[in-house]
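Heads up, the thing below is written out as C-alpha coordinates.
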Amino acid sequence: MGSSAGAHLAACSATITDDWSAVGDTLDNVSFRPDFAILVSPVVSMDSIAHKGSRENLLGQYDTPEMREKFSCDRQVTPATPPMFIVHAMDDPAVSCLNSLRLFEALKRNDIKGSSLHIFPSGGHNIALRNNPGSTNGWTQIAEVWLIENGISPENSL
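Residue numbering for the sequence shown follows the working numbering, starting at 1 and increasing by one per position.
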(Lines of atoms letter the chains of each structure in order from A; the text may use other names.)
(Lines give C-alpha, C1' and ligand atoms only; values in the text may rest on other atoms or scores of the structure.)
Protein backbone atom coordinates (compact mmCIF):
# COMPACT_ATOMS: atom_id res chain seq x y z
CA MET A 1 0.00 0.00 0.00
CA GLY A 2 1.15 3.48 -0.74
CA SER A 3 0.01 7.02 -1.39
CA SER A 4 1.21 9.38 -4.14
CA ALA A 5 4.90 8.62 -4.83
CA GLY A 6 4.62 5.76 -2.30
CA ALA A 7 1.79 4.39 -4.41
CA HIS A 8 4.13 4.53 -7.40
CA LEU A 9 6.59 2.40 -5.45
CA ALA A 10 3.82 -0.06 -4.54
CA ALA A 11 2.63 -0.16 -8.17
CA CYS A 12 6.21 -0.75 -9.37
CA SER A 13 6.59 -3.67 -6.97
CA ALA A 14 3.38 -5.15 -8.38
CA THR A 15 4.16 -4.59 -12.07
CA ILE A 16 7.91 -4.57 -12.71
CA THR A 17 9.18 -8.12 -13.05
CA ASP A 18 12.94 -7.49 -12.78
CA ASP A 19 14.28 -8.98 -9.55
CA TRP A 20 16.90 -6.46 -8.47
CA SER A 21 17.15 -8.09 -5.06
CA ALA A 22 18.57 -11.45 -6.20
CA VAL A 23 21.92 -12.01 -4.50
CA GLY A 24 22.31 -15.76 -4.81
CA ASP A 25 20.93 -16.80 -1.42
CA THR A 26 17.93 -18.95 -0.46
CA LEU A 27 15.63 -15.94 -0.41
CA ASP A 28 15.98 -15.74 -4.19
CA ASN A 29 13.42 -18.57 -4.26
CA VAL A 30 10.80 -16.41 -2.52
CA SER A 31 8.70 -14.18 -4.75
CA PHE A 32 9.40 -10.49 -4.26
CA ARG A 33 6.09 -9.49 -5.82
CA PRO A 34 3.06 -8.66 -3.66
CA ASP A 35 -0.23 -10.60 -3.81
CA PHE A 36 -2.20 -7.33 -4.12
CA ALA A 37 -1.71 -3.57 -4.02
CA ILE A 38 -3.71 -0.71 -2.52
CA LEU A 39 -2.88 2.58 -4.21
CA VAL A 40 -4.05 6.01 -3.06
CA SER A 41 -3.59 8.94 -5.47
CA PRO A 42 -0.91 6.99 -7.33
CA VAL A 43 1.73 8.43 -9.58
CA VAL A 44 1.55 5.88 -12.39
CA SER A 45 2.73 7.40 -15.64
CA MET A 46 6.04 9.01 -16.48
CA ASP A 47 4.78 10.55 -19.75
CA SER A 48 2.66 13.63 -20.47
CA ILE A 49 0.33 13.18 -17.47
CA ALA A 50 3.18 12.50 -15.06
CA HIS A 51 3.57 14.44 -11.86
CA LYS A 52 6.62 16.43 -12.95
CA GLY A 53 8.28 16.50 -9.53
CA SER A 54 7.92 12.74 -9.09
CA ARG A 55 9.35 12.07 -12.54
CA GLU A 56 12.30 14.39 -11.88
CA ASN A 57 12.97 12.87 -8.45
CA LEU A 58 12.65 9.30 -9.69
CA LEU A 59 14.46 9.48 -13.01
CA GLY A 60 16.72 12.52 -12.53
CA GLN A 61 19.62 12.40 -14.95
CA TYR A 62 18.32 9.08 -16.31
CA ASP A 63 15.17 10.65 -17.78
CA THR A 64 15.16 8.83 -21.10
CA PRO A 65 12.29 7.40 -23.16
CA GLU A 66 13.34 3.90 -22.06
CA MET A 67 13.25 4.80 -18.37
CA ARG A 68 9.93 6.61 -18.74
CA GLU A 69 8.53 3.44 -20.29
CA LYS A 70 10.01 1.20 -17.57
CA PHE A 71 8.60 3.28 -14.71
CA SER A 72 5.18 3.90 -16.25
CA CYS A 73 3.43 1.16 -14.29
CA ASP A 74 0.43 1.09 -16.61
CA ARG A 75 2.77 -0.11 -19.36
CA GLN A 76 4.21 -2.88 -17.20
CA VAL A 77 0.93 -4.67 -16.38
CA THR A 78 0.87 -8.30 -17.52
CA PRO A 79 -1.56 -11.16 -16.89
CA ALA A 80 0.64 -12.03 -13.87
CA THR A 81 0.06 -8.65 -12.17
CA PRO A 82 -1.80 -8.96 -8.85
CA PRO A 83 -5.17 -7.27 -8.29
CA MET A 84 -5.16 -3.65 -7.24
CA PHE A 85 -7.50 -1.41 -5.26
CA ILE A 86 -7.09 2.14 -6.53
CA VAL A 87 -8.42 5.33 -4.88
CA HIS A 88 -8.14 8.84 -6.30
CA ALA A 89 -9.90 12.20 -6.09
CA MET A 90 -11.25 13.95 -9.16
CA ASP A 91 -10.07 17.27 -7.74
CA ASP A 92 -6.47 16.18 -7.07
CA PRO A 93 -4.39 19.20 -8.16
CA ALA A 94 -1.03 17.42 -7.89
CA VAL A 95 -1.48 13.99 -9.51
CA SER A 96 -4.13 13.72 -12.18
CA CYS A 97 -6.68 10.96 -11.67
CA LEU A 98 -5.90 10.04 -15.29
CA ASN A 99 -2.98 8.11 -13.77
CA SER A 100 -5.43 5.83 -11.96
CA LEU A 101 -7.65 5.53 -15.02
CA ARG A 102 -4.71 4.45 -17.19
CA LEU A 103 -3.60 1.87 -14.65
CA PHE A 104 -7.09 0.47 -14.28
CA GLU A 105 -7.46 0.32 -18.06
CA ALA A 106 -4.26 -1.76 -18.22
CA LEU A 107 -5.56 -4.03 -15.45
CA LYS A 108 -8.82 -4.51 -17.34
CA ARG A 109 -7.05 -5.13 -20.64
CA ASN A 110 -4.98 -7.86 -18.94
CA ASP A 111 -8.04 -9.33 -17.20
CA ILE A 112 -6.68 -8.81 -13.68
CA LYS A 113 -9.69 -10.08 -11.80
CA GLY A 114 -10.56 -8.49 -8.49
CA SER A 115 -9.14 -5.07 -9.34
CA SER A 116 -11.20 -2.07 -8.31
CA LEU A 117 -11.08 1.66 -9.10
CA HIS A 118 -12.70 4.41 -7.02
CA ILE A 119 -12.50 8.04 -8.10
CA PHE A 120 -14.21 10.30 -5.60
CA PRO A 121 -15.32 13.89 -6.31
CA SER A 122 -13.24 15.47 -3.55
CA GLY A 123 -10.23 14.84 -1.40
CA GLY A 124 -7.56 16.62 -3.39
CA HIS A 125 -4.15 15.10 -2.89
CA ASN A 126 -4.86 14.60 0.79
CA ILE A 127 -6.86 11.37 0.95
CA ALA A 128 -6.18 9.92 4.37
CA LEU A 129 -7.36 6.90 6.35
CA ARG A 130 -10.15 8.97 7.89
CA ASN A 131 -11.64 12.46 8.08
CA ASN A 132 -11.92 12.84 4.30
CA PRO A 133 -14.58 15.03 2.68
CA GLY A 134 -17.94 13.59 1.67
CA SER A 135 -18.09 10.15 0.11
CA THR A 136 -14.28 9.92 0.02
CA ASN A 137 -14.44 9.21 3.75
CA GLY A 138 -15.87 5.76 2.98
CA TRP A 139 -12.90 4.49 0.96
CA THR A 140 -11.40 2.51 3.83
CA GLN A 141 -14.65 0.60 4.41
CA ILE A 142 -14.80 -0.19 0.68
CA ALA A 143 -11.16 -1.34 0.84
CA GLU A 144 -11.97 -3.60 3.79
CA VAL A 145 -14.81 -5.25 1.90
CA TRP A 146 -12.53 -5.59 -1.16
CA LEU A 147 -9.88 -7.39 0.92
CA ILE A 148 -12.52 -9.84 2.17
CA GLU A 149 -14.20 -10.23 -1.23
CA ASN A 150 -10.89 -11.16 -2.84
CA GLY A 151 -9.95 -13.65 -0.12
CA ILE A 152 -7.01 -11.55 1.00
CA SER A 153 -8.35 -11.11 4.51
CA PRO A 154 -10.75 -13.37 6.40
CA GLU A 155 -14.08 -11.72 7.16
CA ASN A 156 -13.64 -11.83 10.92
CA SER A 157 -10.06 -10.52 11.03
CA LEU A 158 -10.69 -6.84 10.36
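Ideal placement from N, C-alpha and C gives every residue a C-beta, glycine not left out.
- A37: not part of any alpha helix (DSSP H); member of the beta strand (DSSP E) spanning A37 to V40, first to last residue.
- Of F71, R68, D63 and R102, the smallest CA-CA separation from V87 is found for R102.
- The shortest C-alpha to C-alpha distance from A11 to any of A128, G53 and L107 is the one to L107.
- Nearest neighbour of I16 by Cα position, chosen from P65, D47, L59 and Q76, turns out to be Q76.
- When secondary structure is reduced to three states using DSSP, M67 falls in the helix class.
- Taken through DSSP and simplified to helix, strand or coil, I142 comes out as helix.
- The segment 59 to 69 and the segment 115 to 122 do not touch, with fewer than three beta-carbon pairs separated by less than 8 Å.
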